[in-house]
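A.B. asks: According to the numbering used here, the stretch in the sequence shown is residues 1307 to 1729, in order.
Even glycine gets a Cβ: it sits at the ideal position worked out from N, Cα and C.
Have a look at this one.
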Amino acid sequence: MANLNDHMGRPIVAVTGIGVVTSLGVGKADNWAALTSGKSGIHPITRFPVDHLNTRISGMVDFLPSSSQGSSPLTYELAETAAREAVAEAGLDSADFGGPLFLASPPVELDWADRFSLYNSDKQDAGAERLLRVARALKELDIFETTQFGSIADRLADRFGTRGLPITLSTACASGATAIQLGVEAIRRGECDKALSIGADGSATAEALIRFSLLSALSTHNDIPEKASKPFSKDRDGFVLAEGSGALVLESLEAALARGATILGIMRGCGEKADDFHRTRSKPDGSPAIAAVRAALADAGLGEDEIDYVNAHGTSTPENDKMEHLSLSTVFGERIGSMPISSNKSMIGHTLSAAGAVEAAFSLMTMRESVIPPTINYDNPDPAIVLDVVPNKKRNAEVGTVLSNSFGFGGQNTCLVMAREPV
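Following this line, the structure appears as structure tokens:
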């Protein structure tokens, strides 16, 4: 009989359902096949004009019915699609889930199609004055609801029959991991025996592209899109904007075993640390990222020598990869040169609010399948970053524990530790 409580006496949290959507496809099977074969989902942008833009490539999800309908509808469909897969795998009622919902989603703003529709419906005034006057006179709530941060989670709560007030959060690139952490903590506190944690982001808009370009954060390797994201390489020049979703059904191990569920993995530990240094840059000494990794290990009750693999944040920006190497080498010491560390973002790009959840899903599959996905495009190693990045080809390996890193803008650092089996 497995122990049902962890080293701190808290309920052990198991994963019983996983769902994924990325630019590589819908569902775990298609994504895993593409990811482990080193296939890239990065492609030229066709959703909006890219003339005169420095970056003309992305990992957008262009194959869903809502892909051309704007950020809010697409984020909902991404979340709903991943959650449907996860709940089905868990063997739970997809209309009466019965536990809380934690959703990581991007900040919202009025889509351009809606702005033009509102503006062109009248001739009086000009600019913001006309837009505001027309908006105030609207008699329906459709457009209003797309601008409310909690509206996607409200719809998901109705769709899946979750309990209580759904939580919507945005902690930049750490959001997906934070949504999982909130689910884990709710179960540990005894507030519920299951939770649905989702990270979804369909906000690869023209504005987002331009804003990140102005920060010099995006790759401009447009000619061969699949080669643009090259984490830890010497010639890396920025991340690739992308979309996707990841969903996990979390349950107390006791509840999962009692109903005969298949245990897909264990959420061992969560660690977070805020960084007040800068809105986008990391603190030069890496101390908040280091502290987040150590906090996750401590929460998991594991030592530095008990992590088999690191699913890196690995964005492919010059600074982030350097800071991640600094934090990992500080925590793991000399072992860092030989432990496998790979970046899913080399193939799917940076899915922003969804990244932590998507990468947690892939981390769990890495353990279940005993296959480590590669870091592709690793043709020009950075001599300042000495890591085993599982270059270019997948690796068969027994992986019992994974550390998954999510280091976001605004000093949002969240790390998850997962295990294949209960202790």
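Between which residues of its own chain and ALA1485 is the CB-CB distance below 7 angstroms, once the five residues before and five after are set aside?
C.D. replies: Residue numbering aside, residue 1485 sits at position 179 when the sequence shown is read from its first letter. Hits under 7 angstroms: PHE1408, LEU1409, ALA1410, LEU1475, SER1503, ILE1504, GLY1505, ALA1663.
A.B. asks: Mind reading off the beta-carbon distance from MET1366 to ALA1548? Whole number of angstroms is fine, and I expect it under 8 angstroms.
C.D. replies: Sequence index remark: in the sequence shown, residue 1366 carries index 60 (1-based). Sequence index remark: in the sequence shown, residue 1548 carries index 242 (1-based). Contact flag correct, Cβ pair sits at about 7 angstroms.
A.B. asks: Indicate the three-state DSSP secondary structure (helix, strand or coil) for ILE1801 in the structure shown.
C.D. replies: Given that the chain is displayed from residue 1307 to residue 1729, the structure contains no residue 1801 and the question cannot be resolved.
A.B. asks: From this set, LEU1520, GLU1560, ASP1507, which residue's C-alpha is nearest LYS1500's C-alpha?
C.D. replies: Sequence index remark: in the sequence shown, residue 1500 carries index 194 (1-based). Minimum Cα distance to LYS1500 is reached at GLU1560.
A.B. asks: Which residue comes first and which comes last in the alpha helix (DSSP H) that contains ALA1501?
C.D. replies: Within the sequence shown, the letter at position 195 stands for residue 1501. First-last for ALA1501: 1500 to 1507, but that is the beta strand (DSSP E), not the alpha helix (DSSP H).
A.B. asks: If you follow the beta strand (DSSP E) that VAL1616 is part of, which residue opens it and which one closes it?
C.D. replies: Residue numbering aside, residue 1616 sits at position 310 when the sequence shown is read from its first letter. That run of the beta strand (DSSP E) goes 1615 to 1617.
A.B. asks: Whose C-beta lies closer than 7 angstroms to the C-beta of PHE1403 among residues of the same chain, with five residues either side of it excluded?
C.D. replies: Walking along the sequence shown from the start, residue 1403 turns up at place 97. Counting only Cβ-Cβ distances below 7 angstroms, and skipping sequence neighbours, we find VAL1393, PHE1466, GLY1467, THR1468, LEU1502.
A.B. asks: Under 8 angstroms, do GLU1448 and VAL1440 count as touching if we go by C-beta distance?
C.D. replies: As a position in the sequence shown, residue 1448 is number 142, starting the count at 1. As a position in the sequence shown, residue 1440 is number 134, starting the count at 1. The identity of residue 1448 in the sequence shown is Asp, whereas the question assumes Glu. No, the pair does not count as a contact, with Cβ atoms beyond the cut-off.
A.B. asks: In this structure, how does DSSP classify THR1720 when only helix, strand and coil are distinguished?
C.D. replies: As a working mapping, residue 1720 is identified with position 414 in the sequence shown. Here THR1720 sits in strand by DSSP.
A.B. asks: In chain order, what residues of the same chain have a beta carbon less than 8 angstroms from the beta carbon of THR1636, not counting five sequence neighbours either side?
C.D. replies: Residue 1636 sits at position 330 when you count from the first residue of the sequence shown. The answer, listed in chain order, is GLY1592, ILE1596.
A.B. asks: Take every Cβ of the region 1561 to 1577, pair it with every Cβ of the region 1317 to 1330, and state whether three or more of those distances are shorter than 8 angstroms.
C.D. replies: Judged by Cβ distances under 8 angstroms, the region 1561 to 1577 makes contact with the region 1317 to 1330, as three or more pairs qualify.
A.B. asks: Quick check: GLY1577 and ASP1614, are their CB atoms within less than 8 angstroms of each other?
C.D. replies: Counting from one through the sequence shown, the residue named residue 1577 turns up at place 271. Counting from one through the sequence shown, the residue named residue 1614 turns up at place 308. It is not a contact, given that the beta carbons lie outside the stated cut-off.
A.B. asks: Could you give the residue range of the alpha helix (DSSP H) that holds VAL1637?
C.D. replies: Position 331 of the sequence shown, counted from the start, is the residue given in the question as residue 1637. Counting along the chain, the alpha helix (DSSP H) containing VAL1637 begins and ends at 1624 to 1638.
A.B. asks: Any contact between the region 1649 to 1665 and the region 1681 to 1698? By contact I mean 3 or more CB pairs, one from each, below 8 angstroms.
C.D. replies: Touching, yes.
A.B. asks: Quick one: complete beta strand (DSSP E) runs, 3+ long, within the region 1385 to 1460?
C.D. replies: With a minimum length of 3 residues, the continuous beta strand (DSSP E) runs that stay inside the region 1385 to 1460 are 1407 to 1410.
A.B. asks: Express the C-alpha separation of ALA1660 and ALA1523 in angstroms, rounding to a whole number.
C.D. replies: Looking up residue 1523 in the sequence shown gives position 217. Looking up residue 1660 in the sequence shown gives position 354. Near 18 angstroms, if we compare the C-alpha coordinates of ALA1660 and ALA1523.
A.B. asks: Can you grab the Cα-Cα spacing for the pair TYR1425 / ALA1419, in whole Å?
C.D. replies: Locating residue 1425 in the sequence shown gives position 119, counting from the first residue. Locating residue 1419 in the sequence shown gives position 113, counting from the first residue. Cα to Cα, the separation comes out at about 10 angstroms.
A.B. asks: Could you check if THR1328 is buried or exposed, using at least 16 other CB atoms within 10 Å of its CB as the buried criterion?
C.D. replies: The residue given as residue 1328 occupies position 22 in the sequence shown. Per the 10 Å Cβ criterion, buried.
A.B. asks: Are SER1539 and ASN1360 closer than 8 angstroms when you measure CB to CB?
C.D. replies: Within the sequence shown, residue 1539 is the residue found at index 233, counting from 1. Within the sequence shown, residue 1360 is the residue found at index 54, counting from 1. Taking 8 angstroms as the Cβ cut-off, SER1539 and ASN1360 do not qualify as a contacting pair.
A.B. asks: In terms of alpha-carbon separation, which member of GLY1325, PHE1518, LEU1438 lies closest to PHE1247?
C.D. replies: Only positions 1307 to 1729 of the chain appear in the structure, and residue 1247 is not among them; the question remains open.
A.B. asks: Could you tell me the alpha carbon to alpha carbon distance between THR1381 and ARG1494, rounded to whole angstroms?
C.D. replies: As a first step, residue 1381 is located in the sequence shown; it is residue number 75 there, counting from the start. As a first step, residue 1494 is located in the sequence shown; it is residue number 188 there, counting from the start. About 29 angstroms.
A.B. asks: Which class does ARG1674 belong to by DSSP, given the choice of helix, strand or coil?
C.D. replies: Your numbering for residue 1674 matches position 368 in the sequence shown. Of the three classes helix, strand and coil, the one that applies to ARG1674 here is helix, per DSSP.
A.B. asks: Which one of GLY1655, VAL1555, SER1644 has the shortest CA to CA distance from ALA1389?
C.D. replies: Position 83 of the sequence shown, counted from the start, is the residue given in the question as residue 1389. Checking every option, the nearest Cα to that of ALA1389 belongs to VAL1555.
A.B. asks: Contact between the region 1702 to 1721 and the region 1608 to 1622: three or more CB pairs below 8 angstroms?
C.D. replies: Enough Cβ pairs lie closer than 8 angstroms, so yes.
A.B. asks: Quick one, which of THR1452, ARG1421, LYS1536, GLU1451 has its alpha-carbon nearest LEU1437's?
C.D. replies: Here residue 1437 is taken as the residue at index 131 of the sequence shown, counted from 1. Here the closest residue by C-alpha is ARG1421.
A.B. asks: Can you tell me whether ASN1311 is helix, strand or coil according to DSSP?
C.D. replies: For the purposes of this step, residue 1311 is taken as residue 5 along the sequence shown, with counting starting at 1. Strand at ASN1311.
A.B. asks: So, helix, strand or coil for GLU1612, using DSSP?
C.D. replies: The residue labelled residue 1612 in the question sits at position 306 within the sequence shown. Here GLU1612 sits in helix by DSSP.
A.B. asks: Comparing the C-beta of LYS1445 with each C-beta of chain B, is any distance below 8 angstroms?
C.D. replies: Among the chains in the structure shown there is no chain B, since it carries only a single protein chain.
A.B. asks: Nearest by alpha-carbon distance to ILE1530: which of ILE1348, ALA1562, LYS1700, PRO1537 is it?
C.D. replies: Translated into positions along the sequence shown, residue 1530 becomes position 224. Minimum Cα distance to ILE1530 is reached at ILE1348.
A.B. asks: Starting from the Cα of SER1712, find the closest Cα among LEU1634, ASP1694, ASP1431 and give me that residue.
C.D. replies: The count along the sequence shown starts at 1 and reaches residue 1712 at position 406. Comparing Cα positions, the closest option is LEU1634.
A.B. asks: According to DSSP, what are the bridge partners of LYS1300?
C.D. replies: Here the chain comprises residues numbered 1307 to 1729, so residue 1300 is not present and cannot be evaluated.
A.B. asks: Measure the C-alpha to C-alpha separation of VAL1332 and GLY1508 and round it to an integer number of angstroms.
C.D. replies: Translated into the one-based positions of the sequence shown, residue 1332 becomes position 26. Translated into the one-based positions of the sequence shown, residue 1508 becomes position 202. Cα-Cα distance, rounded: 14 angstroms.
A.B. asks: What three-state label does DSSP hand MET1653 in the structure shown?
C.D. replies: Residue 1653 sits at position 347 when you count from the first residue of the sequence shown. It is helical.
A.B. asks: Give the single residue among PRO1472, GLU1640, ASN1719, GLY1397 whose Cα lies nearest to the Cα of ALA1480.
C.D. replies: For the purposes of this step, residue 1480 is taken as residue 174 along the sequence shown, with counting starting at 1. Ranking PRO1472, GLU1640, ASN1719, GLY1397 by Cα distance to ALA1480 puts ASN1719 first.
A.B. asks: Mind listing, in chain order, the continuous alpha helix (DSSP H) runs of no fewer than 4 residues lying wholly within the region 1515 to 1580?
C.D. replies: Those alpha helix (DSSP H) runs which fall completely within the region 1515 to 1580 and span 4+ residues are 1559 to 1564.
A.B. asks: Near ALA1553, which residues of its chain fall below 6 angstroms by C-beta distance, leaving aside the five closest residues on each side in sequence?
C.D. replies: The residue labelled residue 1553 in the question sits at position 247 within the sequence shown. So the qualifying residues of the chain are GLY1325, ALA1388, ALA1389, ALA1392, ILE1504.
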